[in-house]
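Q: Can you read through this structure? Questions will come right after.
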Amino acid sequence: MDKLVSDLLGGLGRLFKNKVSQKVTTALTGKSKTYTFETLPQTVDELKALPEAALTDVYAVAALSLLALTRFETDKEESTRMLNFLKGPDPLTPMALQQISDRFMDEKFYKVRSYFEGATPANNYTPSQPYKVKVSSTPYSFDNENWATLYLHSGGADNPRPVKLRKKPSTGQWFIVEIQYLSDVRPPVAADKWA
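Per my numbering, the very first residue in the sequence shown carries number 29; after that it's consecutive.
Shown next as C-alpha cells:
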C-alpha cells in the first residue's frame, strides 16, 4: 500500500510539480501543527487573550482545550469557564462536567500534562517549557462539513487521542463538541508500583 501511494505521489509530482504533490500528500496523510505557549492561562480572560482564542484555527482550538483542562486540578470552576468559552453556543452539561471529573478520579491529573511535549511516564509527566502541544488530523478528519475530529499526542499513549469540533458558519469559529482524550495513559513512574 505504501508503495502504491508513493508511486501515485511520485507520478502526480512529476505531472503537476511539487505544489500539487504536496497538497495530495496532505490530503492522503493528514497534517499536524504544534502550538507553543509561554505560560498556561489561569483564567478565562487569560485564555481569551491568547492569539489562538480567535477560534478560527480548528487545530488551535483543540490545543486550547488542553490548556483549559490544566486548570481543572486547582480550580474546577475556572476550568469550566474556559471550557464553556471553547464550547461556544453549547456549554458543558452537568453530565459532561461529571464525565470530566470522573476522568480525574484518584488524582490522575497527569493525564492532561501527558499531552505536552517532553512529558513522559519516566519524568512523571513534567512538560518541557515553553509548553508545546501537537495537534494532528487524518485524511478523514474533515469528512463531514463543519465538523472535525483532530488528535492530540500523549507521551503516555501509543496513539493520538481524539477531540471533536464543530464550526459555526456564521462566525467562522470552531468550538469543542466532545473531548475524548482523557482516557487512561501509562502511569507516571512515581505512581507505578511496578516501576
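By construction, the Cβ of each residue, glycine as well, lies at the ideal position given by its N, Cα and C atoms.
#1: Taking Cβ to Cβ, would you say leucine 95 is nearer than 8 Å to phenylalanine 65?
#2: Checking the sheet assignment: what are the DSSP bridge partners for isoleucine 128?
#3: Please classify glutamate 206: does DSSP put it in a helix, a strand, or coil?
#4: Expressed to the nearest angstrom, what Euclidean distance is found between the alpha-carbon atoms of phenylalanine 203 and phenylalanine 113?
#5: In the stretch 53-140, which residue ranges form an unbroken beta strand (DSSP E) of at least 3 residues, counting only runs that do not cross its ends?
#6: For leucine 83, which residues from the same chain have a beta carbon less than 6 Å from its beta carbon, with the 5 sequence-adjacent residues on both sides left out?
#7: Where do the N-terminal and C-terminal ends of the beta strand (DSSP E) with tryptophan 175 fall, by residue?
A: Looking at the atomic coordinates:
#1: yes
#2: DSSP output for isoleucine 128 lists no bridge partner at all.
#3: strand
#4: 8 Å
#5: 60-65
#6: Val89, Gln201 and Trp202
#7: 175-180
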